[in-house]
Amino acid sequence: MASSVRLSRRVLLGSGAAAFALGPARSAPLPPPEPENIQGGADDANRLTVETRINGRGPYHFVVDTGADHTVMASDIVAGLDLSAGEPVIVQGITSAVPAATVMLKQFSFGRISMEDVKVPVLPRAGLGGDGYLGLDAINNRRVMFDFHNHVLSVGRSPSDWLADPVHPDEALLRVDGVAGRLTSIDCHVDGVRAHAFIDSGADVTIANTRLFAELQERTGKTYLSDEPVVLTGVTGATALGRLVAVSRVRLGALNFAEAVLVIADLPVFESWGLADKPALFIGMNFLERTAAVTIDYARRELRFKVAQQRMAGGA
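For the record, in the sequence shown the residue sitting at position 128 is 115 according to the numbering used here, with numbers rising by one throughout.
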């Protein structure tokens, strides 16, 4: 019998596909110069959540999701807020595309950041598993730091002086590329196989595509751990099948993740990010929670992982 892996979030909006009614994510106003530390919480997958307010009401607890282009909210919240309806859109989940209603939020805020006239898709709570997800439309073009152990989100502007931001001894720095907040790194190796990688703080697990697995098979003779598939369930309620594979090391720049298990599945997220024909993986919470902190600087296009010395390359 297949085992089950729940991906509590798989919302991929605004990717430019013709079926999507929403355009690319719009950035929120710039935060104050000094970074703000927002005390948050965690859901059952240890994903970081922050308190949000909608038209001055709340708080509502939203998962901070670097893999979602747009913020999305649960339908039962809408019922009590008397929001005006927007045009319906197509929401692409990991396993299927479904039509979804939208609502217009006159004001949406978290911490000191406030956005106005925000169009937000609405999905059933049963699929989301919570109040909603804070997407790239809220965090793009700024620097955000995730402290998963203390459940703190730090949000601020990118430093204006590139030379005034040195890499500390307990940090691993990766330069990345991408547009509209979709930052990917090619400085990633899975058991020696180069891959494209991106950070997905809304995913419970780390998933790679079959192109990566094919490279692992050819170079290392890698096989699946079992003939039994795992079931991946997305926000739309539909399912997809994946297979488990064990790897000795996933290296991101100078950072090593040792003795890891990946799920192999060709999900729509890879095509949406332009990675369907390349060895690729998205780094989920089962990897991210091993770090002390993860910083994503969207304006400077860089990732920083704060880790213990022994996890750095050459010390592991």
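We treat Cβ as the ideally placed atom computed from N, Cα and C, and that holds for glycine. These figures come from a predicted structure and were not determined experimentally.
May I ask you to report which of helix, strand or coil DSSP gives residue 278?
-> For the purposes of this step, residue 278 is taken as residue 291 along the sequence shown, with counting starting at 1. Residue state, collapsed to three classes: coil.
Using DSSP with H/G/I as helix, E/B as strand and the rest coil, what is residue 27?
-> Here residue 27 refers to the residue found at position 40 of the sequence shown. Three-state DSSP puts residue 27 in coil, outside helix and strand.
Measure the Cβ-Cβ separation of residue 239 and residue 161 and say whether it is below 8 Å.
-> Here residue 239 refers to the residue found at position 252 of the sequence shown. Here residue 161 refers to the residue found at position 174 of the sequence shown. Yes, they are a contact pair.
Unbroken beta strand (DSSP E) runs of length 3 or more, entirely within the region 165 to 194: which are they?
-> 172 to 177 and 180 to 186
Looking only at C-alpha atoms, which of 128, 227 and 154 sits nearest to residue 144?
-> Taking the sequence shown and counting its residues from 1, the one referred to as residue 144 is at position 157. Nearest of 128, 227 and 154 to residue 144, Cα basis: 128.
Minimum C-alpha distance to residue 184 - residue among 235, 45 and 257 = Within the sequence shown, numbered from 1, the residue matching residue 184 stands at position 197. With distances taken between Cα atoms, residue 184 lies closest to 257.
For residue 110, the first and last residue of its enclosing beta strand (DSSP E) | As a working mapping, residue 110 is identified with position 123 in the sequence shown. First-last of the beta strand (DSSP E) with residue 110: 100 to 110.
What is the DSSP secondary structure of residue 75, reduced to helix, strand or coil?
-> Indexing the sequence shown from 1 puts residue 75 at position 88. It is a strand residue.
Best match in 158, 196 and 218 for proximity to residue 290 [C-alpha to C-alpha] = In the sequence shown, counting from the first residue as 1, residue 290 sits at position 303. That would be 158, whose Cα lies nearest to the Cα of residue 290.
Check whether the Cβ atoms of residue 199 and residue 255 sit closer than 8 Å, and answer yes or no.
-> Taking the sequence shown and counting its residues from 1, one reaches residue 199 at position 212. Taking the sequence shown and counting its residues from 1, one reaches residue 255 at position 268. Contact: no.
Going straight from the alpha carbon of residue 228 to that of residue 186, what length do you get?
-> Taking the sequence shown and counting its residues from 1, the one referred to as residue 228 is at position 241. Taking the sequence shown and counting its residues from 1, the one referred to as residue 186 is at position 199. Each residue's alpha carbon lies about 22 Å from the other.
DSSP-derived helix/strand/coil call for residue 250 = Against the sequence shown, residue 250 aligns to sequence position 263. If DSSP states are grouped into helix, strand and coil, residue 250 belongs with the strands.
Span of the beta strand (DSSP E), counted from its first residue to its last, around residue 294 = As a working note, residue 294 is residue 307 in the sequence shown. Residue 294 -> no beta strand (DSSP E), and no H or E assigned at all.
Counting pairs of Cβ atoms below 8 Å between the region 211 to 220 and the region 229 to 238, do you hit three or more?
-> yes
Can you have a look at residue 212 and say buried or exposed, based on whether 16 or more other CB atoms are within 10 angstroms of its CB?
-> The sequence position of residue 212 within the sequence shown is 225, counting from 1. Its Cβ having fewer than 16 others within 10 Å, residue 212 is exposed.
Alpha-carbon to alpha-carbon, residue 259 and residue 195 = As a position in the sequence shown, residue 195 is number 208, starting the count at 1. As a position in the sequence shown, residue 259 is number 272, starting the count at 1. If I take the Cα positions, the gap works out to 14 Å.
Between the beta-carbon of residue 55 and the beta-carbon of residue 123, is there less than 8 Å?
-> For the purposes of this step, residue 55 is taken as the residue at position 68 of the sequence shown. For the purposes of this step, residue 123 is taken as the residue at position 136 of the sequence shown. Yes; because the gap between Cβ atoms is below 8 Å, this pair is in contact.
Is it buried or exposed for residue 166, if we count other Cβ within 10 angstroms and need 16 for buried?
-> Position 179 of the sequence shown, counting from 1, holds the residue named residue 166. Answer is exposed; the Cβ neighbour count stays below 16.
Three-state secondary structure (DSSP) at residue 66?
-> For this step, residue 66 is matched to residue 79 along the sequence shown. Of the three classes helix, strand and coil, the one that applies to residue 66 here is helix, per DSSP.
Unbroken alpha helix (DSSP H) runs of length 4 or more, entirely within the region 112 to 159: which are they?
-> 112 to 115 and 123 to 126
Residues in its own chain within less than 7 Å of residue 73 by CB, not counting five upstream and five downstream?
-> Within the sequence shown, residue 73 is the residue found at index 86, counting from 1. Within the same chain, residue 73 has close Cβ partners 89, 90, 91 and 106.
Buried or exposed (CB count within 10 angstroms, at least 16 for buried), residue 280 = On the sequence shown, residue 280 is found 293 positions in, with the first residue counted as 1. It counts as buried.
Over what stretch of residues does the alpha helix (DSSP H) that includes residue 231 continue unbroken?
-> Here residue 231 refers to the residue found at position 244 when the sequence shown is read from its first residue. No alpha helix (DSSP H) holds residue 231; the beta strand (DSSP E) holding it covers 226 to 239.
Straight-line CA distance for residue 172 to residue 87?
-> Here residue 172 is taken as the residue at index 185 of the sequence shown, counted from 1. Here residue 87 is taken as the residue at index 100 of the sequence shown, counted from 1. Rounded to the nearest angstrom, the two C-alpha atoms are 32 Å apart.
Reducing DSSP to helix, strand and coil, say where residue 202 ends up.
-> Position 215 of the sequence shown, counted from the first residue, corresponds to residue 202. In this structure, residue 202 counts as helix in the three-state DSSP scheme.
Between residue 249 and the ligand ATP, is the CB less than 7 Å from at least one heavy atom?
-> Of the ligands one can find in the structure shown there are none, so the ligand ATP has no counterpart to examine.
Looking at C-alpha atoms only, which residue of 39, 85 and 275 is the closest neighbour of residue 97?
-> Counting from one through the sequence shown, the residue named residue 97 turns up at place 110. Considering only alpha carbons, the answer is 39.
Any idea which residues DSSP pairs residue 47 with across the strands?
-> Taking the sequence shown and counting its residues from 1, the one referred to as residue 47 is at position 60. DSSP lists 39 as partners of residue 47.
Along the alpha helix (DSSP H) that carries residue 255, what are the first and last residues, could you check?
-> Here residue 255 corresponds to residue number 268 of the sequence shown, with the count starting at 1. That run of the alpha helix (DSSP H) goes 255 to 259.
If you count every other CB in all the chains shown that lies within 10 Å of the CB of residue 42, and 16 or more means buried, which is it?
-> Taking the sequence shown and counting its residues from 1, one reaches residue 42 at position 55. Flag for residue 42 reads exposed.
Would you give the residue range spanned by the beta strand (DSSP E) that residue 93 belongs to?
-> Taking the first residue of the sequence shown as 1, we reach residue 93 at position 106. Counting along the chain, the beta strand (DSSP E) containing residue 93 begins and ends at 84 to 97.
Coarse secondary structure for residue 243, derived from DSSP in three states = In the sequence shown, counting from the first residue as 1, residue 243 sits at position 256. Note: residue 243 maps to strand in three-state DSSP.
8 Å Cβ cutoff met for residue 135 and residue 275 | For the purposes of this step, residue 135 is taken as the residue at position 148 of the sequence shown. For the purposes of this step, residue 275 is taken as the residue at position 288 of the sequence shown. Yes. Within cutoff.
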